[in-house]
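What follows is one structure encoded as structure tokens, with my remarks underneath.
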Amino acid sequence: MIDCLSRASAFDQAQELIDEYERNHSP
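Anchor point for the sequence shown: position 6 equals 3 in this note's numbering, and the numbering is continuous, going up by one each time.
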């Protein structure tokens, strides 16, 4: 259960980084 939650939070963080990266690098 803990492992599943930590993976979910890590995925959320990665998604935020991706969104931020795309905003900064949009044409």
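C-beta: ideal position from N, C-alpha, C; glycine also.
Just reading off the alpha helix (DSSP H) that residue i is part of, what are its end residues?
i	result
S6	-1 to 21
Please report the distance separating the alpha-carbon of residue i from that of residue j.
i	j	result
Q10	R20	15 angstroms
P24	I15	15 angstroms
L2	Y18	24 angstroms
I(-1)	F8	14 angstroms
A5	Q12	10 angstroms
If you measure from the beta carbon of residue i to each beta carbon in chain B, is any gap under 7 angstroms?
i	result
E19	The structure shown contains no chain B; it holds only a single protein chain.
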